[in-house]
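*Asks:* Convert by adding 359 to the 1-based position in the sequence shown; the result is the number in the numbering used here. Structure incoming, see below.
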Amino acid sequence: MSQGEPGDGRGLDPASHVVRDAQGGGRLISPLRAVLGYVWRYRAHYLVGAGCLVAGTVLSLAIPWTVKHAIEALQSDASRAPLARDVTVIVLLAIVNGAVRMASRFAIIGAAQRIEADLRNDLYGSLQTFLPGFYATRTIGDLMARASSDVAGVKSLIGFGAVSTIGTGTAFVGAVSAMVFVDPWLTLWAMSPYPVLIVLALRFNRTLHERTDAAQAQLGTVSARVQEYLAGMTVVRAYTMEAQAMRSFSDANGELLERNLALARVQAQFTPLMTLIAGLGTLTVLWLGGRDVVAGRLTLGALVAFNGYLAYLAWPTMAFGWTLAMARRGLTSMGRIQEIINLAGPARAPAPAATWQGSSAIRFEHLTFAYDGIPVLRDVSFAVAERETVAVVGPTGSGKTTLGLLVARLWDPPPGTVFVGGHDVTTVDPSTLRAALGYVPQEAFLFSRSIADNVTLVRDGIGRDDARGALATAAVTSEIDAWPHGLDTVVGERGLTLSGGQRQRVALARALAGAPPILILDDLFANVDSATEEEILRGVREATASRTVLLMTHRLRAARAADRVVVLAEGHVVETGTHDALLAQGGLYARLWRIQQLEEEIARAS
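Right, dumping it as structure tokens:
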């Protein structure tokens with residue numbers, strides 16, 4: 360069975376940003392279109408900001424024109440020139456210009472902050488829809504880089520990048536228009552270097568995209584390396600791997616440095632080159648304009664104003680490369696984010712989980728399942744009746760854990776193979792299905808919160824009394840009560856401050872607290888001793904008397920307490936029956952029982 364997306368029949372195409380449908384078609388949401396979609400949500404902010412920037416450009420361009428009139432007035436009659444008025448006008452223009460430009464930044468940067476929050480929400484919402492296979496092919500570090508560095512890159516594009524783009528665009532159009540009004544032929548000479556700038560910008564943009572993409576990808580690799588070594592720090596220290604870990608990180612970090620330096624070299628070459636070429640236009644204006652003033656074809660004030668407008672073009676010209684770099688980095692980052700969002704499909708508002716109305720019986724019919732082409736279950740068929748406890752046992756790798764994952768639709772089974780209450784689970788809304796399940800995974804995960812919060816998960820209708828009762832059933836209350844803060848004890852990240860057995864029992868309490876009609880318990884007794892196992896079994900038997908229980912375990916003492924036992928070997932059902940009946944058959948179950956009895960005797964003797 361190939362990896363698929365939750366409930367929509369689509370597959371992943373990791374080589375592109377394309378969503379493939381069941382017929383093999385696809386659609387692409389381009390990074391630019393995605394950015395514009397977010398900007399459209401806050402178009403009022405951007406319109407206000409753009410209006411302020413246009414007003415600021417007009418005010419800025421009015422200053423050289425005022426200087427022109429002042430110079431011409433001085434040339435005409437210096438004693439009667441209204442210098443005080445002209446100076447006052449220039450000061451007022453500068454003050455109002457500063458105010459409207461500040462307002463433009465408040466409007467546009469504020470919108471960018473909101474889009475950043477929306478983008479993170481959308482990315483996180485998409486990450487919650489994927490099946491485990493997606494995370495098997497993606498590193499956590501890479502996903503964290505997309506949620507941090509890439510989101511920041513998009514924010515720069517739609518924030519300061521938008522301010523720069525609108526500001527430089529209006530400045531360029533306004534300044535050139537004013538220059539044409541003063542002297543069209545001189546404007547033509549001044550703008551003659553700009554076709555060269557456009558050619559250089561196109562080449563620069565292509566190279567910049569390649570190097571930006573490479574740098575962002577390597578940043579994901581570095582983030583993944585850091586996350587991996589931090590999560591496995593105990594192993595690193597236990598096996599004295601510090602030197603190897605440092606070398607590995609240093610190699611990845613060195614590669615990131617090289618890619619960033621390559622990116623910086625492109626940027627460093629482009630901006631000075633742009634400035635140099637633009638400077639040629641200034642020299643041309645001074646030479647030709649000076650000749651026109653001497654010849655009387657142009658006033659000195661007009662030449663000063665023209666040079667003022669040309670100087671005003673200096674910032675747009677120099678900022679062009681910086682803005683282009685920011686735009687390319689932002690669009691590259693948006694592409695990386697959209698790669699995840701596109702794969703998740705259209706955003707859907709989470710529907711509240713409906714109460715399970717059907718029976719709690721579970722049925723597997725000719726179930727065959729594989730992970731990436733590796734068979735795990737082969738033609739598995741058996742049923743768990745309502746209020747029945749069935750234990751699934753077998754050697755390691757026989758497929759026990761996969762059964763629980765498929766019932767809960769944490770992996771999607773083939774249609775028509777897994778049923779709950781008579782309903783094919785692939786046709787049931789996942790939230791409704793999971794509301795009927797209490798699932799305890801093989802590796803219990805706890806949040807870095809209090810014990811009470813880890814049990815209740817802030818679910819409606821589940822309070823501290825429910826949590827305490829569930830913890831008592833899971834045989835962990837006495838240990839928790841001995842801690843200074845009791846239920847309010849905050850566990851470490853992923854519950855690492857608790858022992859493996861304590862984490863497993865808190866996870867069991869979490870499943871019991873919601874009183875679901877179905878319990879899926881995967882290797883619940885893997886990390887507890889025999890005495891604790893007996894205590895948990897007594898509590899679980901009382902708590903599950905009216906529930907359907909699918910128990911995957913390699914501890915046959917727990918299987919003995921089940922109503923029925925299903926034995927798996929290499930993905931096949933090889934035996935089924937009660938504990939006593941299977942012992943009498945003398946098959947695989949009987950052999951496993953004898954081995955465990957022998958191991959317990961050896962452990963007691965030692």
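We put the CB at the ideal spot given by N, CA and C, even for glycine.
Can you tell me which of the three DSSP states GLN382 falls into?
*Replies:* Summary for GLN382: the model assigns pLDDT 33, below 50, so the residue's position carries little reliability; its value from the coordinates is reported in the next sentence. Three-state result, GLN382: coil.
*Asks:* According to DSSP, is SER361 helix, strand or coil?
*Replies:* Note that SER361 scores a pLDDT of 38, beneath 50, so its modelled location is shaky; the value from the coordinates is reported in the next line. Correct three-state label for SER361: coil.
*Asks:* Verify whether the separation of the beta carbon atoms of LEU915 and TRP952 is less than 8 angstroms.
*Replies:* The criterion of a C-beta distance shorter than 8 angstroms is satisfied by LEU915 and TRP952.
*Asks:* State the start and end residues of the unbroken alpha helix (DSSP H) segment that holds GLU745.
*Replies:* If you look at GLU745, you'll find it isn't in any alpha helix (DSSP H); DSSP assigns it neither H nor E.
*Asks:* If you compare alpha carbons, which of LEU846, CYS411, VAL407 and GLN697 is closest to LEU482?
*Replies:* Per the Cα distances, GLN697.
*Asks:* Quick check for students: name the residue ranges of the alpha helix (DSSP H) that lie wholly in the region 655 to 701, counting only runs of 4 or more.
*Replies:* 659 to 671
*Asks:* So, helix, strand or coil for PHE489, using DSSP?
*Replies:* coil
*Asks:* Can the beta-carbon of PHE884 be found closer than 8 angstroms to that of ILE877?
*Replies:* no
*Asks:* Measure the CB-CB distance between ARG687 and LEU490 and report whether it falls below 8 angstroms.
*Replies:* no
*Asks:* If you draw a straight line from the alpha carbon of ASP542 to that of HIS428, how long is it in whole angstroms?
*Replies:* 16 angstroms
*Asks:* Three-state secondary structure (DSSP) at PRO390?
*Replies:* helix
*Asks:* Helix, strand or coil for PRO875? Go by DSSP, reduced to three states.
*Replies:* coil
*Asks:* Between the alpha carbons of LEU957 and GLU893, how many angstroms are there, rounded?
*Replies:* 19 angstroms
*Asks:* Kindly indicate the opening and closing residues of the alpha helix (DSSP H) around ARG953.
*Replies:* Looking at the DSSP string, the run of the alpha helix (DSSP H) that includes ARG953 is 947 to 964.
*Asks:* From this set, LEU391, TRP424, TYR405 and GLY500, which residue's C-alpha is nearest ILE525's C-alpha?
*Replies:* For the residues LEU391, TRP424, TYR405 and GLY500, the minimum Cα distance to ILE525 belongs to TYR405.
*Asks:* In the DSSP assignment, what residue or residues form a beta bridge with LEU909?
*Replies:* VAL749 and ILE879, per the DSSP bridge assignment.
*Asks:* To the nearest angstrom, report how far apart SER523 and THR682 are at their CA atoms.
*Replies:* SER523 and THR682 have their C-alpha atoms spaced approximately 7 angstroms apart.
*Asks:* Pull up the distance between the alpha-carbon of ARG818 and that of PHE741, whole angstroms please.
*Replies:* 33 angstroms
*Asks:* Quick check: the Cα distance between ASP380 and ILE388, rounded to an integer number of angstroms?
*Replies:* Note that ASP380 scores a pLDDT of 37, beneath 50, so its modelled location is shaky and nothing firm can be said.
*Asks:* Mind reading off the beta-carbon distance from CYS411 to ARG473? Whole number of angstroms is fine, and I expect it under 8 angstroms.
*Replies:* Their Cβ separation, rounded to whole angstroms, is 18 angstroms, which puts CYS411 and ARG473 out of contact at 8 angstroms.
*Asks:* Does GLU838 come out as helix, strand or coil in the three-state DSSP assignment?
*Replies:* Three-state result, GLU838: helix.
*Asks:* Closer than 7 angstroms by C-beta to MET693: which residues in its own chain qualify, once you throw out the five before and the five after it? Chain order, please.
*Replies:* PRO390, ALA393, VAL394 and VAL513
*Asks:* For ILE467 and LEU659, which I take to be in contact (beta-carbon distance under 8 angstroms), what is that distance rounded to the nearest angstrom?
*Replies:* Not a contact, Cβ separation roughly 39 angstroms.
*Asks:* ASP738 by DSSP, collapsed to three states: which one?
*Replies:* strand
*Asks:* Within 8 angstroms of any Cβ in chain B, is that where the Cβ of ALA393 sits?
*Replies:* You won't find chain B in this structure, because it holds only one protein chain.
*Asks:* Give me the Cβ distance between VAL932 and THR748, rounded to the nearest whole Å; I'm assuming they're in contact under 8 angstroms.
*Replies:* Incorrect: roughly 17 angstroms between the Cβ atoms, too far for contact.
*Asks:* In angstroms with no decimal places, state the Cα-to-Cα distance between LEU941 and GLU745.
*Replies:* 22 angstroms
*Asks:* Alpha carbon to alpha carbon, how far is THR599 from ASP824? Give it in angstroms, no decimals.
*Replies:* 46 angstroms
*Asks:* Does the beta-carbon of SER463 have 16 or more other beta-carbons within 10 angstroms, so that it is buried, or is it exposed?
*Replies:* It is buried - the Cβ of SER463 has at least 16 other Cβ atoms within 10 Å.
*Asks:* Does ARG827 pass the burial test, meaning 16 or more other C-beta atoms within 10 Å, or should it be called exposed?
*Replies:* buried
*Asks:* Does the distance from the CB of GLN577 to the CB of MET503 come in under 8 angstroms?
*Replies:* no
*Asks:* Starting from the C-beta of GLY415, find all residues in its chain whose C-beta is less than 6 angstroms away, skip the five residues before and the five after it, and write them out in chain order.
*Replies:* ASN456, VAL459 and ARG460
*Asks:* Check whether the Cβ atoms of GLY579 and ARG737 lie closer than 8 angstroms to each other.
*Replies:* no
*Asks:* Go through its chain and collect everything with a Cβ distance to TYR798's Cβ below 6 angstroms, but skip five positions before and after it.
*Replies:* For TYR798, the CB contacts under 6 angstroms within the same chain, skipping 5 residues up- and downstream, are ALA767 and ILE879 in chain order.
*Asks:* So LEU847 packs on SER809, CB below 8 angstroms; how close in whole Å?
*Replies:* Reading off the sequence shown, one finds Asp at residue 847, where the question assumed Leu. That belief holds up - the Cβ atoms of ASP847 and SER809 are roughly 5 angstroms apart, short of 8 angstroms.
*Asks:* What residue range does the alpha helix (DSSP H) around GLY936 cover?
*Replies:* No alpha helix (DSSP H) holds GLY936; the beta strand (DSSP E) holding it covers 931 to 936.
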